[in-house]
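Enquirer: According to this note's numbering, the stretch in the sequence shown is residues 3 to 188, in order. All C-beta atoms, glycine included, are put in the ideal place defined by N, C-alpha and C. Being a predicted model, the structure only gives us computed values, none of them experimental.
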Amino acid sequence: MKSEIEFNFYKEILEQKAQDVYSYLEKSFQKVSVGAPNPQLISHIKVSFYGTLTPINEIASISTPIPLQLLVRPYEMSLVKEIATAIVASKIDAQVQKEANQVRIIFPEPTQQKRQESVHLLKKIHEEAKVKIRLIRQDVNKLIKKEELSEDQEKDYLNQVQKTINSQIEKIDEIYEKKVKEIQTL
Numbered sequence: 003m004k005s006e007i008e009f010n011f012y013k014e015i016l017e018q019k020a021q022d023v024y025s026y027l028e029k030s031f032q033k034v035s036v037g038a039p040n041p042q043l044i045s046h047i048k049v050s051f052y053g054t055l056t057p058i059n060e061i062a063s064i065s066t067p068i069p070l071q072l073l074v075r076p077y078e079m080s081l082v083k084e085i086a087t088a089i090v091a092s093k094i095d096a097q098v099q100k101e102a103n104q105v106r107i108i109f110p111e112p113t114q115q116k117r118q119e120s121v122h123l124l125k126k127i128h129e130e131a132k133v134k135i136r137l138i139r140q141d142v143n144k145l146i147k148k149e150e151l152s153e154d155q156e157k158d159y160l161n162q163v164q165k166t167i168n169s170q171i172e173k174i175d176e177i178y179e180k181k182v183k184e185i186q187t188l
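1) Which word fits HIS128, buried or exposed, when buried means at least 16 other C-beta atoms lie within 10 angstroms of its C-beta?
2) Buried or exposed: which applies to SER169, given that a residue is buried once 16 or more other Cβ atoms fall within 10 Å of its Cβ?
3) For the alpha helix (DSSP H) that contains LYS48, what are its first and last residues?
4) Going by alpha carbons, who is nearest to MET79 out of ILE89, LEU16, SER63, LYS29?
5) Can you tell which of GLU156, LYS183, ILE185, ASP175 has its C-alpha closest to the C-alpha of TYR12?
6) Can you check whether the CB of ILE107 is closer than 8 Å to the CB of LEU72?
7) Once you ignore the five residues that flank MET3 on each side, which residues in its own chain have a CB closer than 6 Å to its CB?
8) Classify LYS100 as helix, strand or coil using the three-state DSSP reduction.
9) With a threshold of 16 other CB atoms inside 10 Å of the CB of VAL142, please say whether the residue is buried or exposed.
10) Should THR166 be labelled buried (16 or more other beta-carbon atoms within 10 Å of its own) or exposed?
11) For ALA62, which beta-bridge partners are listed by DSSP?
12) Which residues in the same chain as VAL90 place their Cβ atom closer than 6 Å to its Cβ, once the five residues preceding and following it in sequence are excluded?
13) Could you check if LEU137 is buried or exposed, using at least 16 other CB atoms within 10 Å of its CB as the buried criterion?
14) Pick helix, strand or coil for MET3, following the three-state DSSP scheme.
15) Could you tell me which residues DSSP pairs with ILE107 in its beta bridges?
16) Return the CA-CA distance between PRO112 and LYS125, expressed in angstroms with no decimal places.
17) Could you check if LYS29 is buried or exposed, using at least 16 other CB atoms within 10 Å of its CB as the buried criterion?
18) Check this for me: beta carbons of LYS33 and ALA88, under 8 Å apart or not?
19) If you count every other CB in all the chains shown that lies within 10 Å of the CB of ILE68, and 16 or more means buried, which is it?
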């Protein structure tokens with residue numbers, strides 16, 4: 003029982019750090035867009051709002067009125083120009099149109115080449131996430147080896163860490179495969 007409680011300490015560290023990797027993966031994947039645009043694609047872009055750089059999603063509503071378009075409606079109409087300028091400066095692959103009280107962003111129809119480029123970028127992000135998970139394993143293994151444990155107990159802990167890491171990597175693989183399928187079927 004005591005060894006289970008001790009291992010739970012290490013497992014908790016693993017899971018907390020893995021959650022950071024999942025957050026990184028999700029945020030990075032949201033920036034990769036093909037087909038139906040996602041408001042998350044531009045929500046991180048910052049606009050000068052009363053002298054402070056503020057994310058667009060805090061000063062405007064972002065919607066998808068029709069496929070391949072985003073509509074940004076600022077809460078203050080005076081921000082239309084600043085929002086349009088910030089979106090253009092972010093160099094997203096889209097046409098930005100300023101209208102009276104909103105900004106319309108029109109995305110091109112995705113080509114097969116664009117889809118392949120996106121899948122390649124996803125693969126790179128996917129591999130980075132797996133490396134981060136493996137580095138977490140190394141850190142936890144070092145912590146375990148510093149402890150004064152019996153050889154059997156240390157081996158048991160290291161095996162449990164490996165099993166946990168394997169399940170985390172499987173989860174990362176599932177997230178990646180889901181995103182690739184989404185891009186290829188749009």
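Expert: On the basis of the coordinates in this document:
1) Residue burial is scored here from C-beta neighbours: HIS128 has at least 16 other C-beta atoms within 10 angstroms and is therefore classed as buried.
2) By the C-beta density criterion, SER169 is exposed, having fewer than 16 other C-beta atoms within 10 angstroms.
3) For LYS48, there is no enclosing alpha helix (DSSP H); the enclosing beta strand (DSSP E) has its first and last residue at 48–51.
4) From the listed residues ILE89, LEU16, SER63, LYS29, the smallest Cα separation to MET79 is found for SER63.
5) Selected option, being the one with the closest Cα: GLU156.
6) If you check the CB distance, LEU72 and ILE107 come in under 8 Å.
7) With a pLDDT of 44 at MET3, under the threshold of 50, the predicted position of this residue should be treated as unreliable, though the coordinate-derived value follows. Excluding residues within five positions, none has a Cβ falling inside 6 Å.
8) In this structure, LYS100 counts as strand in the three-state DSSP scheme.
9) Looking at its Cβ environment, which holds 16 or more other Cβ atoms inside 10 Å, VAL142 is buried.
10) THR166 should be labelled buried.
11) Note: ALA62 sits in a beta bridge opposite PRO76.
12) Setting aside the 5 residues that flank it on each side, VAL90 is surrounded in the same chain by VAL98, each with a C-beta closer than 6 Å to its C-beta; the list follows chain order.
13) Counting C-beta atoms within 10 angstroms of its own C-beta, LEU137 has fewer than 16 neighbours from the protein chains shown and is therefore classed as exposed.
14) With a pLDDT of only 44 at MET3, under 50, the local geometry of the prediction cannot be trusted, and the value read off the model is given with reservation. DSSP places MET3 in coil when its eight states are reduced to three.
15) For ILE107, which the question treats as bridged, DSSP gives the partners LEU72, VAL98.
16) One alpha carbon belongs to PRO112, the other to LYS125, and they sit about 18 Å apart.
17) Result: exposed.
18) The criterion of a C-beta distance shorter than 8 Å is not satisfied by LYS33 and ALA88.
19) Its Cβ having fewer than 16 others within 10 Å, ILE68 is exposed.
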